[in-house]
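Residue numbers (my numbering): 69 to 178.
Using N, Cα and C, we set each Cβ at its ideal position, and we do this for glycine too.
Written out below as structure tokens is the structure these notes cover.
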């Protein structure tokens, strides 16, 4: 039979373990949210730059060259890569949230 002191130690250990797990989860979700925000800013910057380039080309009556312009192609490729990275980060965040939801439905571990 466990003594009172052993029960207290076990309770403290369990509490610390739960705190560490929760802190780790919050750290991971926080980092993912920051990453997602940074990627969205990069996407917006690249779209802005793409708009500037296209506007300049149209103003210079070079609209027919837009689809073959290396700067335009490069910006489109960057945007596509960033959007792919964004989807991956959003999927990671969704998986963490789903796992958290499943754990909450299961109740506290004993």
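Short Cβ contact (8 Å threshold) for residue i with residue j
i	j	result
residue 125	residue 133	yes
residue 154	residue 107	yes
residue 111	residue 150	yes
Simplified DSSP assignment, three categories, for residue i
i	result
residue 157	helix
residue 105	helix
residue 128	coil
residue 70	coil
residue 110	helix
residue 137	coil
Pairwise C-alpha distance: residue j and residue i
i	j	result
residue 99	residue 122	34 Å
residue 81	residue 73	12 Å
residue 135	residue 114	16 Å
residue 79	residue 90	16 Å
residue 102	residue 145	23 Å
residue 88	residue 168	15 Å
residue 140	residue 109	19 Å
residue 157	residue 86	25 Å
Integer-rounded CB distance, given that residue j should sit under 8 Å from residue i
i	j	result
residue 204	residue 93	Any answer about residue 204 is impossible in this case: the structure gives the chain only from 69 up to 178.
residue 161	residue 95	Their Cβ separation, rounded to whole angstroms, is 13 Å, which puts residue 161 and residue 95 out of contact at 8 Å.
Residue-level contact to chain D via CB, residue i, 8 Å cutoff
i	result
residue 80	Protein chains in the displayed structure number just one, and chain D is not present.
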